[in-house]
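Here's the structure, in structure tokens; my notes come after.
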Amino acid sequence: MQWILQEFEDTHKLAAALDHLGIPYTTHKVVPFVGDLLPEPQIDDPNKVVMFGSYGLWRNAEKNGYRPGIFKIRPFVHEQPWQPYMLNGPDAVFLTVADIPSQLLEDRAWFVRPVSDSKEQPGKVLTASEMRAIAEKVLGLNEDEIPLGSLRHDTMLMFTRPAKILREWRVWIVDDEVVTYSLYKEGARVIYRGEIDRDALDFVTQLVAENPGYAPAYVMDVCRTNAGLRFLETNCINAAGFYEADVGKIAAAIDSINVG
Numbered sequence: 282m283q284w285i286l287q288e289f290e291d292t293h294k295l296a297a298a299l300d301h302l303g304i305p306y307t308t309h310k311v312v313p314f315v316g317d318l319l320p321e322p323q324i325d326d327p328n329k330v331v332m333f334g335s336y337g338l339w340r341n342a343e344k345n346g347y348r349p350g351i352f353k354i355r356p357f358v359h360e361q362p363w364q365p366y367m368l369n370g371p372d373a374v375f376l377t378v379a380d381i382p383s384q385l386l387e388d389r390a391w392f393v394r395p396v397s398d399s400k401e402q403p404g405k406v407l408t409a410s411e412m413r414a415i416a417e418k419v420l421g422l423n424e425d426e427i428p429l430g431s432l433r434h435d436t437m438l439m440f441t442r443p444a445k446i447l448r449e450w451r452v453w454i455v456d457d458e459v460v461t462y463s464l465y466k467e468g469a470r471v472i473y474r475g476e477i478d479r480d481a482l483d484f485v486t487q488l489v490a491e492n493p494g495y496a497p498a499y500v501m502d503v504c505r506t507n508a509g510l511r512f513l514e515t516n517c518i519n520a521a522g523f524y525e526a527d528v529g530k531i532a533a534a535i536d537s538i539n540v541g
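If you read the sequence shown in my numbering, its first letter stands for residue 282, the second for the next number, and so on.
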């Protein structure tokens, strides 16, 4: 596999792991808003290229026909096997940015995140009035004035009631197998440790088994609440923070993945 890394803080960890494994790679800067790589990579086989860095690299991978390139994923909220396990999933409200001023009227706190894995806005808790103000700013722009990767008039957002989360983990999955994991939050504190509770690992294994083939590689975030273990979201593995995961295991698993 030919590895292309964007010059990025987290990819330094990946580069060190690739060095240790003896896997070659090249490092590049990305031209903002355009997505071209500097320097331009010399590709041996476009069917054996994988890219890590910011999510926007998918455009470069798609333009050049790289495979696997970026492991794009479907919106997790539409995955029926996972819906019973989602945090507040049954009570979720889905609105486009254009819908928000007229339909998000109950002025209370909401947890808000984009439905797609597009990083237009990080998941966060906002009041309805704060979200309406954001929407009105976006709607005040013409579509051609909005930069790529920003909220747009038709961006679909998911709104749920905020929940008290006790612990949060990120788990890396390749070929429907758990590869590694990391704790990244305990209560309100950000804490990175390469560990996961046994029942949380069993929970992830169950979720993967109930929805096989979701993607060749992805990350899954799960959490512990007062009501038990819950599924938070999935993310693109190529652009997800590593926290304290075993990056060597991630690199080895992806380098040997069957891209058939």
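Backbone N, C-alpha and C fix where the C-beta goes; we use that ideal spot for every residue, glycine too.
Just so it is clear, the structure is predicted and the values come from calculations on it, not from any experiment.
Asked, Found
"On a Cα-Cα basis, can you pick out the residue from Val393, Ala296, Ser431 and Asp325 that is closest to Gly346?", "Asp325"
"So, using beta-carbon positions, are Leu438 and Val393 closer together than 8 Å?", "yes"
"Could you name the residues of the same chain whose beta carbon sits closer than 6 Å to that of Ala416, not counting the 5 residues immediately before and after it, in chain order?", "Val378, Ile381 and Pro382"
"Taking the alpha-carbon positions, what's the His279 to Glu426 distance?", "Because residue 279 is not part of the residues shown, which for the chain are 282 to 541, the question remains open."
"Would you kindly report the start and end of the unbroken beta strand (DSSP E) that includes Asp502?", "Ala498 to Thr506"
"Apart from the five residues just before and just after Arg543, which ones in its own chain have a Cβ nearer than 6 Å to its Cβ?", "Past the edges of the chain, shown from 282 to 541, lies residue 543, and the structure says nothing about it."
"What are the uninterrupted segments assigned as alpha helix (DSSP H) that are 4 or more residues long and contained completely in the region 321-379, given in chain order?", "338-345"
"Could you give the C-beta distance for Ala498 and Phe375, rounded to a whole number, given that I count them as a contact under 8 Å?", "Contact flag wrong, Cβ pair sits at about 27 Å."
"How big is the Cα-Cα spacing for His293 and Asp388?", "43 Å"
"Residues in its own chain within less than 8 Å of Lys445 by CB, not counting five upstream and five downstream?", "Thr506 and Asn507"
"Looking only at its chain, what residues have a beta carbon closer than 6 Å to the beta carbon of Pro443, apart from the 5 residues adjacent to it on each side?", "Ala390, Phe392 and Val406"
"Are the CB atoms of Gln283 and Val311 within a distance shorter than 8 Å?", "no"
"Just to confirm the assignment, what range does the alpha helix (DSSP H) spanning Val311 have?", "No alpha helix (DSSP H) contains Val311, which is instead part of the beta strand (DSSP E) from Tyr306 to Val311."
"Using 10 angstroms around the beta-carbon of Leu385, count the other beta-carbons present and answer buried if the total reaches 16, otherwise exposed.", "buried"
"Is the beta carbon of Asp527 closer than 8 Å to that of Leu249?", "Residue 249 is absent from the structure shown; the chain starts at 282 and stops at 541."
"Find the nearest neighbour of Trp363 within the set Pro403, Ser397, Lys329 and Val489, judged by alpha-carbon distance.", "Val489"
"Beta strand (DSSP E) containing Phe523: first to last residue?", "It is not in any beta strand (DSSP E) - Phe523 carries neither H nor E in the DSSP assignment."
"Just how far apart, CA to CA, sit Tyr473 and His309?", "27 Å"
"Roughly how many whole angstroms lie between the Cα atoms of Arg355 and Gln361?", "12 Å"
"Can you grab the Cα-Cα spacing for the pair Val543 / Val455, in whole Å?", "Outside the displayed range of the chain (282 to 541) lies residue 543, so it cannot be described from this structure."
"Just to confirm my understanding: we take Thr515, look at its own chain, exclude 5 residues before and 5 after, and list those with CB closer than 6 Å. What are they?", "Ile354, Phe357, Tyr499 and Met501"
"For a test of the three-state rule: what should DSSP assign to Pro395, helix, strand or coil?", "strand"
"What number of angstroms, rounded off, separates the C-alpha of Asp480 from the C-alpha of Gly509?", "10 Å"
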